[in-house]
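Below: one structure, written as structure tokens.
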Amino acid sequence: MRIFEEMESEVRGYVRAFPAIFDRASGAHLYDEDGNCYIDFFAGAGTLNYGHNNPIISKALIEYLQRDGIVHSLDKATVAKRAFMEKFRDTILKPRGLDYKMQFTGPTGTNAVETALKLARMVKGRSNVIAFTNGYHGLSMGSLAVTGNDFYRDESYGARNNADSVPFDGYLGDGVNTIDYLRKFIADKSSGIDLPAAIIVETVQGEGGINVASVTWLQELETLCRDFDILLIIDDIQMANGRTGTFFSFEEAGIKPDMVTVSKSIGGGLPMALLLMRPELDQWKPGEHTGTFRGNNLAFVAATKALSYWDNNDFADSIAYKGKIIEKALQGIVNKYPDLDIKLRGRGMVWGLDFGSTGFAGEVSKAAFENYLLIELAGSEDNVLKFLPPLVIDEETLREGLAIIDRVIGELLEPNQIMLKRAAM
Ligand SMILES: Cc1ncc(COP(=O)(O)O)c(C=O)c1O
Numbered sequence: 014m015r016i017f018e019e020m021e022s023e024v025r026g027y028v029r030a031f032p033a034i035f036d037r038a039s040g041a042h043l044y045d046e047d048g049n050c051y052i053d054f055f056a057g058a059g060t061l062n063y064g065h066n067n068p069i070i071s072k073a074l075i076e077y078l079q080r081d082g083i084v085h086s087l088d089k090a091t092v093a094k095r096a097f098m099e100k101f102r103d104t105i106l107k108p109r110g111l112d113y114k115m116q117f118t119g120p121t122g123t124n125a126v127e128t129a130l131k132l133a134r135m136v137k138g139r140s141n142v143i144a145f146t147n148g149y150h151g152l153s154m155g156s157l158a159v160t161g162n163d164f165y166r167d168e169s170y171g172a173r174n175n176a177d178s179v180p181f182d183g184y185l186g187d188g189v190n191t192i193d194y195l196r197k198f199i200a201d202k203s204s205g206i207d208l209p210a211a212i213i214v215e216t217v218q219g220e221g222g223i224n225v226a227s228v229t230w231l232q233e234l235e236t237l238c239r240d241f242d243i244l245l246i247i248d249d250i251q252m253a254n255g256r257t258g259t260f261f262s263f264e265e266a267g268i269k270p271d272m273v274t275v276s277k278s279i280g281g282g283l284p285m286a287l288l289l290m291r292p293e294l295d296q297w298k299p300g301e302h303t304g305t306f307r308g309n310n311l312a313f314v315a316a317t318k319a320l321s322y323w324d325n326n327d328f329a330d331s332i333a334y335k336g337k338i339i340e341k342a343l344q345g346i347v348n349k350y351p352d353l354d355i356k357l358r359g360r361g362m363v364w365g366l367d368f369g370s371t372g373f374a375g376e377v378s379k380a381a382f383e384n385y386l387l388i389e390l391a392g393s394e395d396n397v398l399k400f401l402p403p404l405v406i407d408e409e410t411l412r413e414g415l416a417i418i419d420r421v422i423g424e425l426l427e428p429n430q431i432m433l434k435r436a437a438m
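Following the numbering used here, the numbering of the sequence shown begins with 14 at its first residue and continues without gaps.
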């Protein structure tokens with residue numbers, strides 16, 4: 014580990030949470046250099062929905078490289094890019110009645126968010142955007158302006174310009190409809206909030222603590238946007254690609270966002286990001302928003318293969334099935350410790366156990382790692398244990414991982430420890 018401590022910036026994060034030197038990975042398993050095998054309930058923060066080194070993806074990549082397929086092309090036309098666009102149109106967009114155009118941005122999520130915000134401002138000729146409490150949209154400056162958690166910001170960055178933060182669904186308690194609140198602020202010329210170009214939202218806040226927006230809330234948000242000529246941007250970077258059970262996370266709500274940002278698992282494990290936009294919003298001049306690494310062809314090859322999981326309903330059915338297994342197991346844990354008032358939230362195959370600000374979620378994640386399971390934290394105070402296994406995980410491994418969590422929680426809460434935890438609450 015010494016080289017990482019000596020040479021790598023203090024900013025390093027996951028290497029501290031999961032202190033092993035990883036070498037190989039397959040499906041839902043990772044192996045360190047000593048050959049220890051870990052179950053992955055972290056999935057590269059939502060990038061590995063199709064698993065590590067998915068064999069159909071790896072095979073396509075190896076073949077592509079062996080035939081000297083183009084790797085880097087800026088935004089020149091390539092066979093790999095054409096194949097991806099055709100597959101995405103035919104398998105994802107058309108069957109859902111969506112006619113978005115695609116923009117290939119730089120390869121990370123924040124690149125897609127920056128692009129969406131910039132385009133929305135340009136099209137509407139307004140600088141303000143609205144985002145929600147606990148939202149996470151990336152850490153480059155434009156995205157940081159709409160990211161809630163102040164851990165990522167220093168006042169000196171000046172990053173909060175032209176953005177307002179308003180309460181997400183449930184933020185003000187169950188009895189308060191936060192869309193009514195927002196509507197009043199937007200309608201009232203004296204509220205201090207400028208009419209925004211766009212509202213950006215996650216349907217399930219991943220980093221923010223697995224906060225799930227209800228279907229009605231999302232529908233009301235869409236209506237609000239239409240009423241005031243505001244663009245609705247769904248940031249689906251973490252929740253698309255099947256995480257919530259459907260390809261896009263907003264499908265259940267039946268809404269049609271003006272723009273959608275997609276990244277993480279779209280590249281089948283390789284870096285790739287996309288902005289989807291209604292065709293009339295595509296008002297860029299040629300080359301006006303550009304960058305060197307837009308559309309990496311290896312990612313197109315991987316992504317095209319990954320989309321074959323959506324050729325029929327089998328994959329969605331398996332997500333629903335495994336999602337129920339997770340929900341049932343976690344509900345069992347909640348029921349076992351009623352005094353701890355653990356909150357369970359989630360959809361599809363993304364779930365969170367909220368232990369409150371006791372530090373207990375961190376203890377569970379640490380103990381899980383000692384038992385060869387990777388699981389990360391979410392929420393403003395790292396209060397949520399975040400279940401995000403690869404969607405392709407087999408049932409046996411899934412149950413094994415859930416059993417590890419159940420066991421380590423039990424061990425941490427042995428009678429003498431319960432007193433300790435309760436005192437801290
Ligand atoms: C919803 C959402 N938007 C944007 C981002 C930023 O993506 P990236 O880290 O690739 O820049 C993330 C990352 O976790 C995310 O979850």
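For every residue, glycine included, the Cβ atom is placed at its ideal position computed from N, Cα and C.
Please work out which residues of its chain come closer than 7 Å, Cβ to Cβ, to Phe55, disregarding the five sequence neighbours upstream and downstream, and give them in chain order. Closer than 7 Å at the Cβ level, and outside the excluded window around Phe55, lie Leu387, Ile388, Glu389, Leu401.
If we require 4 or more residues per run, which alpha helix (DSSP H) segments fall completely within the stretch 34-86? Inside the stretch 34-86, DSSP marks whole alpha helix (DSSP H) runs of 4 or more residues at positions 56-59, 68-79, from first to last along the chain.
Under the rule that 16 or more other beta-carbon atoms within 10 Å means buried, what is Tyr322, buried or exposed? Tyr322 should be labelled buried.
Given 8 Å, three or more beta-carbon pairs between the stretch 130-146 and the stretch 196-212: Result yes; three or more Cβ-Cβ pairs closer than 8 Å.
Should Asp367 go down as buried or exposed, given a rule of 16 or more other Cβ atoms within 10 Å for buried? Of the other Cβ atoms in all chains shown, 16 or more fall within 10 Å of the Cβ of Asp367; this residue is therefore buried.
For the alpha helix (DSSP H) containing Gln232, name the first residue and the last one. First-last of the alpha helix (DSSP H) with Gln232: 228-240.
In whole angstroms, what separates the C-alpha of Leu311 from that of Tyr149? Take the alpha-carbon of Leu311 and the one of Tyr149: they are about 27 Å apart.
Contact test: Asp395 Cβ vs ligand 1 heavy atom, cutoff 7 Å: No; taking the cut-off as 7 Å, the Cβ of Asp395 has no heavy atom of ligand 1 nearer than that.
Indicate the three-state DSSP secondary structure (helix, strand or coil) for Asp354 in the structure shown. Reduced to three states, the DSSP call for Asp354 is coil.
With DSSP as the reference, label Ser153 as helix, strand or coil. In the structure shown, Ser153 sits in coil (DSSP, three-state: anything other than H, G, I, E or B).
Would you list the residues sitting across from Gln218 in a DSSP beta bridge? Answer is Asn224, bridged to Gln218.
Bridge partners - Phe117, DSSP secondary structure assignment: Partner(s): Leu287.
So what's Trp323 in DSSP terms, helix, strand or just coil? Trp323: helix per DSSP, three-state reduction.
Is Gly281 near ligand 1, in the sense that its beta carbon is under 7 Å from a heavy atom of that ligand? For ligand 1, not one heavy atom lies less than 7 Å from the Cβ of Gly281.
Please state whether DSSP places Phe181 in a helix, a strand or coil. DSSP, reduced to helix, strand and coil, places Phe181 outside both helices and strands of the structure shown, so it counts as coil.
Taking DSSP's pairing of strands, which residues face Lys399 in a bridge? Lys399 is bridged to Gly365, Glu389.
Beta-carbon separation of Gly249 and Phe261 under 8 Å? This sequence places Asp at residue 249; Gly is not what is there. Their beta carbons are under 8 Å apart, which means Asp249 touches Phe261 by this criterion.
Tell me whether the beta-carbon of Pro403 lies closer than 8 Å to the beta-carbon of Tyr63. For the 8 Å CB-CB criterion, Pro403 and Tyr63 form a contact.
Does ligand 1 have even one heavy atom less than 7 Å from the beta-carbon of Asp248? Taken from the Cβ of Asp248, at least one heavy atom of ligand 1 lies inside 7 Å.
For Thr317 and Lys202, I'd like the C-alpha separation in whole angstroms. So the two alpha carbons sit approximately 48 Å from each other.
How is Ala259 classed by DSSP in three states: helix, strand or coil? Here the sequence assigns Thr to residue 259, which means Ala is not the residue at that position. It is coil, neither helix nor strand.
Who are the near neighbours of Tyr170 in its chain, counting only those whose CB is closer than 8 Å to its CB and skipping five residues on each side? The residues are Met154, Leu157.
Near Arg139, which residues of its chain fall below 8 Å by C-beta distance, leaving aside the five closest residues on each side in sequence? Excluding positions up to five away in sequence, the list reads Asp207, Leu208, Pro209, Ala210.
Report whether the distance from the Cβ of Glu389 to the nearest heavy atom of ligand 1 is below 7 Å. No - ligand 1 has no heavy atom lying nearer than 7 Å to the Cβ of Glu389.
Looking only at DSSP bridge pairs, what is Asp248 linked to? Asp248 has Thr274 as its beta-bridge partners, per DSSP.
What are the uninterrupted segments assigned as beta strand (DSSP E) that are 3 or more residues long and contained completely in the stretch 84-148, given in chain order? If only uninterrupted beta strand (DSSP E) runs of at least 3 residues are considered, those enclosed by the stretch 84-148 are 114-117, 142-145.
Using the C-alpha atoms, what's the distance from Asp271 back to Thr305? Taking the straight line joining both Cα atoms gives about 26 Å.
With a cut-off of 8 Å on the beta carbons, I'd call Gly151 and Val126 a contact; round off their distance for me. Taking C-beta atoms under 8 Å as the contact rule, Gly151 and Val126 qualify, at a distance of about 5 Å.
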